[in-house]
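Listed below in C-alpha coordinates is the structure:
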(Lines of atoms letter the chains of each structure in order from A and count residues from 1; the text may use other names and numbers.)
(Lines give C-alpha, C1' and ligand atoms only; values in the text may rest on other atoms or scores of the structure.)
Protein backbone atom coordinates (compact mmCIF):
# COMPACT_ATOMS: atom_id res chain seq x y z
CA UNK A 1 0.00 0.00 0.00
CA UNK A 2 1.25 3.46 -0.83
CA UNK A 3 0.17 6.33 1.36
CA UNK A 4 0.37 9.92 0.10
CA UNK A 5 1.97 11.19 3.30
CA UNK A 6 3.90 9.64 6.13
CA UNK A 7 2.30 9.64 9.53
CA UNK A 8 4.61 9.79 12.50
CA UNK A 9 3.22 9.15 15.95
CA UNK A 10 4.59 8.37 19.37
CA UNK A 11 2.89 5.75 21.50
CA UNK A 12 3.79 4.76 25.01
CA UNK A 13 3.15 1.30 26.40
CA UNK A 14 3.24 0.04 29.94
CA UNK A 15 3.96 -3.66 30.31
CA UNK A 16 5.31 -6.19 32.75
CA UNK A 17 6.99 -8.13 29.94
CA UNK A 18 10.75 -8.37 30.17
CA UNK A 19 11.76 -7.88 26.56
CA UNK A 20 13.63 -5.58 24.24
CA UNK A 21 11.96 -2.52 22.70
CA UNK A 22 12.29 -4.11 19.26
CA UNK A 23 10.54 -7.32 20.38
CA UNK A 24 7.79 -5.31 22.07
CA UNK A 25 7.29 -3.25 18.91
CA UNK A 26 6.95 -6.47 16.89
CA UNK A 27 4.34 -7.81 19.33
CA UNK A 28 2.34 -4.58 19.13
CA UNK A 29 2.48 -4.49 15.33
CA UNK A 30 1.36 -8.10 15.05
CA UNK A 31 -1.54 -7.48 17.42
CA UNK A 32 -2.77 -4.37 15.60
CA UNK A 33 -2.45 -5.96 12.17
CA UNK A 34 -4.90 -8.62 13.39
CA UNK A 35 -7.16 -6.00 14.99
CA UNK A 36 -7.12 -3.99 11.76
CA UNK A 37 -8.34 -7.05 9.85
CA UNK A 38 -11.14 -7.63 12.37
CA UNK A 39 -12.13 -3.96 12.15
CA UNK A 40 -12.51 -4.23 8.37
CA UNK A 41 -14.53 -7.44 8.73
CA UNK A 42 -16.86 -5.80 11.21
CA UNK A 43 -17.32 -2.39 9.58
CA UNK A 44 -17.62 -3.60 5.99
CA UNK A 45 -19.16 -7.06 6.42
CA UNK A 46 -20.91 -6.50 9.79
CA UNK A 47 -19.29 -9.63 11.18
CA UNK A 48 -20.17 -8.88 14.82
CA UNK A 49 -23.88 -8.63 13.95
CA UNK A 50 -24.03 -12.24 12.73
CA UNK A 51 -25.26 -14.85 15.18
CA UNK A 52 -24.13 -18.06 13.53
CA UNK A 53 -23.55 -21.03 15.81
CA UNK A 54 -21.45 -24.15 15.56
CA UNK A 55 -19.81 -24.98 12.25
CA UNK A 56 -21.76 -22.23 10.51
CA UNK A 57 -19.80 -19.53 12.33
CA UNK A 58 -16.46 -20.86 11.13
CA UNK A 59 -17.71 -21.45 7.60
CA UNK A 60 -19.10 -17.92 7.30
CA UNK A 61 -15.92 -16.39 8.75
CA UNK A 62 -13.91 -18.31 6.14
CA UNK A 63 -16.16 -17.06 3.34
CA UNK A 64 -15.91 -13.45 4.55
CA UNK A 65 -12.12 -13.70 4.74
CA UNK A 66 -12.00 -15.20 1.24
CA UNK A 67 -14.16 -12.35 -0.06
CA UNK A 68 -11.87 -9.73 1.47
CA UNK A 69 -8.80 -11.47 0.05
CA UNK A 70 -10.37 -11.67 -3.42
CA UNK A 71 -11.13 -7.96 -3.36
CA UNK A 72 -7.56 -7.14 -2.33
CA UNK A 73 -6.13 -9.46 -5.01
CA UNK A 74 -8.36 -7.78 -7.60
CA UNK A 75 -6.68 -4.49 -6.74
CA UNK A 76 -9.40 -2.75 -4.78
CA UNK A 77 -7.93 -0.34 -2.24
CA UNK A 78 -11.38 0.19 -0.74
CA UNK A 79 -13.38 -2.83 0.40
CA UNK A 80 -16.57 -0.79 0.14
CA UNK A 81 -15.84 0.19 -3.47
CA UNK A 82 -14.94 -3.40 -4.32
CA UNK A 83 -18.13 -4.76 -2.83
CA UNK A 84 -20.21 -2.17 -4.66
CA UNK A 85 -18.46 -3.08 -7.91
CA UNK A 86 -19.18 -6.80 -7.74
CA UNK A 87 -22.31 -7.15 -5.60
CA UNK A 88 -24.71 -7.24 -8.56
CA UNK A 89 -22.23 -8.37 -11.22
CA UNK A 90 -21.92 -12.16 -11.13
CA UNK A 91 -19.51 -12.13 -14.10
CA UNK A 92 -17.05 -9.87 -12.27
CA UNK A 93 -17.44 -11.90 -9.10
CA UNK A 94 -16.70 -15.18 -10.90
CA UNK A 95 -13.74 -13.60 -12.72
CA UNK A 96 -12.29 -12.57 -9.35
CA UNK A 97 -12.80 -16.06 -7.94
CA UNK A 98 -11.12 -17.73 -10.94
CA UNK A 99 -8.14 -15.36 -11.08
CA UNK A 100 -4.79 -16.90 -10.24
CA UNK A 101 -2.73 -14.81 -7.82
CA UNK A 102 0.62 -13.50 -9.00
CA UNK A 103 3.69 -14.93 -7.27
CA UNK A 104 4.74 -12.94 -4.23
CA UNK A 105 8.01 -11.03 -4.43
CA UNK A 106 8.77 -11.77 -0.74
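In our numbering, the protein residues as written are 2 to 107.
Beta carbons: idealized from backbone N, C-alpha and C, even for Gly.
Of the residues the options, the one placed nearest residue i, counting alpha carbons only
| i | options | result |
| --- | --- | --- |
| residue 99 | 78, 67, 85, 45 | 67 |
| residue 71 | 56, 41, 102 | 102 |
| residue 41 | 75, 89, 80 | 80 |
| residue 38 | 15, 54, 22, 69 | 69 |
Distance between residue j and residue i (C-alpha atoms, nearest Å)
| i | j | result |
| --- | --- | --- |
| residue 43 | residue 49 | 6 Å |
| residue 94 | residue 25 | 41 Å |
| residue 62 | residue 36 | 15 Å |
Limits of the alpha helix (DSSP H) - the one that residue i falls within
| i | result |
| --- | --- |
| residue 81 | 80-87 |
| residue 93 | 91-99 |
For residue j and residue i, believed in contact at Cβ under 8 Å, the rounded distance
| i | j | result |
| --- | --- | --- |
| residue 97 | residue 75 | 5 Å |
| residue 65 | residue 46 | 5 Å |
Every unbroken alpha helix (DSSP H) within the region 17-65, with a cutoff of 4 residues, ordered by chain: 22-46
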